[in-house]
Amino acid sequence: MKIYCLPDELKSELRKLHGELYRGDGQDTARQIIKNFSNSTKVITVGDIVTFNLLNAGLVPDISFVDDRTKRVPASDHIMHGTKHPRFRTVTVENPPGILTEGLLREVSKAMDSDNPVRIFVKGEEDLAALPAIAMAPLSSVVIYGLPDEGAVVVKVTPDKKKEIQSLINKMKCKEE
Numbered sequence: 013m014k015i016y017c018l019p020d021e022l023k024s025e026l027r028k029l030h031g032e033l034y035r036g037d038g039q040d041t042a043r044q045i046i047k048n049f050s051n052s053t054k055v056i057t058v059g060d061i062v063t064f065n066l067l068n069a070g071l072v073p074d075i076s077f078v079d080d081r082t083k084r085v086p087a088s089d090h091i092m093h094g095t096k097h098p099r100f101r102t103v104t105v106e107n108p109p110g111i112l113t114e115g116l117l118r119e120v121s122k123a124m125d126s127d128n129p130v131r132i133f134v135k136g137e138e139d140l141a142a143l144p145a146i147a148m149a150p151l152s153s154v155v156i157y158g159l160p161d162e163g164a165v166v167v168k169v170t171p172d173k174k175k176e177i178q179s180l181i182n183k184m185k186c187k188e189e
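Following the numbering used here, the numbering of the sequence shown begins with 13 at its first residue and continues without gaps.
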């Protein structure tokens, strides 16, 4: 099984914004994002709070990645329940912190081909799921991830952005297990 591990030297690169920051939290920020991006090819969310806020504002993401945690601690029952939606098909995948597993990559690929909304519940950590989501998403999609205490980052999927993110994935140390 192929596993991609995040080396220390890439951590500063991943802390950089790879899209546009929408400052604030909650419904106002979610509504602004929906107003600007609801007609995207696919809307993909990474993180419990971002997913929760978009669902509460009326948008069901095409793909969402959640782990029932926020800021590395368990999310409230209200948030955990609020990331579920009857239209979602939920799949569960194991993905430890700082890792991209083959299982996660496979589920991202399958979700991209789905015509129905998919909720990927990650046992471990979903933070790095934004990378393969951007790399595999159709052009003109958006990937939205939370930036704790600041807001949400919206990444527009373009040929250049896909190439940039794939380059980052390729720099992750790869090993066979």
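Just so you know, even glycine gets a beta-carbon here, dropped at the ideal spot from N, CA and C.
- Taking every protein chain shown into account, the CB of Leu18 has 16 or more other CB atoms within 10 angstroms, so this residue is buried.
- Fully enclosed alpha helix (DSSP H) runs of no fewer than 4 residues occupy 60 to 68 of the region 45 to 89, in order along the chain.
- The three-state reading of DSSP puts Gly115 in helix, counting H, G and I together.
- In chain order, Lys54, Val55, Ile56 and Pro129 place their CB closer than 7 Å to the CB of Asp74, counting only its own chain and leaving out the 5 sequence neighbours on each side.
- Here the alpha carbons of Lys175 and Met124 stand approximately 18 Å from one another.
- A residue is called buried once 16 or more other Cβ atoms fall within 10 Å of its Cβ, and Gly31 is buried on that count.
- Between the C-alpha atoms of Gly115 and Lys135 there is a straight-line separation of about 11 Å.
- Under the three-state reduction of DSSP output, Lys173 falls in the helix class.
- For Leu22, the enclosing alpha helix (DSSP H) has its first and last residue at Asp20 to Arg27.
- Taking the C-beta atoms as reference points, Tyr16 is found no nearer than 7 Å to Met148.
- With 16 or more other Cβ atoms inside 10 Å of its own Cβ, Gly163 counts as buried.
- Lys96 sits in coil when the DSSP states are folded into three classes, being neither helix nor strand.
- DSSP lists Val154 as the beta-bridge partner residues of Lys168.
- By the CB criterion at 7 Å, Gly158 and Gly70 fall outside the cutoff.
- Excluding five sequence positions before and after Arg35, the CB atoms of its chain that fall closer than 7 Å to its own CB belong to Glu162 and Gly163, given in chain order.
- A Cβ-Cβ separation of about 11 Å leaves Val166 out of contact with Lys173 under the 8 Å criterion.
- Using a Cβ distance threshold of 7 Å, Arg81 and Thr102 do not count as a contacting pair.
- With contacts defined as CB atoms closer than 7 Å, Asp79 and Glu119 fail to qualify as a contacting pair.
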